[in-house]
Amino acid sequence: MTPSFKIPQSVLVVIHTPALEVLLIERADAPGFWQSVTGSKDTEDEAFATTAAREVFEETGLDTRAPGHVLTDWGLENVYEIYPHWRHRYAPGVTRNTERLFGLCIPQPLPVSLSPREHRAQVWLPWAEAAERCFSPSNAEAVLQLPHRRLL
Numbered sequence: 001m002t003p004s005f006k007i008p009q010s011v012l013v014v015i016h017t018p019a020l021e022v023l024l025i026e027r028a029d030a031p032g033f034w035q036s037v038t039g040s041k042d043t044e045d046e047a048f049a050t051t052a053a054r055e056v057f058e059e060t061g062l063d064t065r066a067p068g069h070v071l072t073d074w075g076l077e078n079v080y081e082i083y084p085h086w087r088h089r090y091a092p093g094v095t096r097n098t099e100r101l102f103g104l105c106i107p108q109p110l111p112v113s114l115s116p117r118e119h120r121a122q123v124w125l126p127w128a129e130a131a132e133r134c135f136s137p138s139n140a141e142a143v144l145q146l147p148h149r150r151l152l
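Be aware that the sequence shown starts at 1, since it is given in my numbering, and climbs by one per residue.
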């Protein structure tokens, strides 16, 4: 049987309210690693928007199509070096990942359903405080864009 490797194309979904409260979730396998929703494509031809909607549901239980929820493709991509301790998840020789940015605006902070296998805690924070708590610099940068995105 051929091993199944992660596809080095992923999404980052910043879940926020109109008041710019941001949902962060803490990884179960890395305590102190707070982040927005992230996840890789299941197949090479899966659309990024499909990946974003699937990952939001898998990681939080939120439906991107629910009334009042607006999923937006920001049209931005980050290319970054995969942390060495996670490279075993990818095919041999793969060291870089392309991450597409999305925002999901929901009317108000909602409790979410975390998968204990993936995440251990959740918190809603004002955008600037959320950016400070993000472990990943690209995630923090995405959160810091929220006030400017509201004007678009």
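Cβ coordinates follow ideal geometry from the N, Cα and C atoms, glycine included.
Please read these numbers as outputs of a predicted model, since none were measured by experiment.
Residue burial classification, residue i (beta-carbon count within 10 angstroms, cutoff 16)
i       : result
His-119 : buried
Glu-59  : buried
Trp-34  : buried
His-88  : exposed
Glu-21  : buried
Arg-100 : buried
Val-143 : buried
Glu-81  : exposed
Three-state secondary structure assigned by DSSP to residue i
i       : result
Thr-72  : strand
Val-56  : helix
Ala-47  : coil
Arg-160 : Residue 160 is absent from the model: the chain starts at 1 and stops at 152.
Residues bridged to residue i (per DSSP)
i      : result
Thr-38 : Leu-12
Tyr-80 : Asn-97
Arg-27 : His-119
Heavy atom of the ligand SAM within 7 Å of residue i beta-carbon
i      : result
Ala-66 : The ligand SAM is not part of the structure shown, which contains no ligands of any sort.
Integer Cβ distance of residue i from residue j, believed to fall under 8 Å
i       : j       : result
Trp-124 : Pro-147 : With a Cβ gap of about 17 Å, Trp-124 and Pro-147 do not count as contacting.
Ala-131 : Glu-26  : Between Glu-26 and Ala-131 the Cβ distance is about 16 Å, and since that is not below 8 Å, they are no contact.
Ser-4   : Lys-41  : About 13 Å; that fails the 8 Å criterion.
Thr-50  : Gly-39  : So it is not a contact: roughly 11 Å between Cβ atoms.
Leu-12  : Ser-138 : 7 Å
>> If we require 3 or more residues per run, which beta strand (DSSP E) segments fall completely within the region 96-152?
In response: 96-105, 119-126
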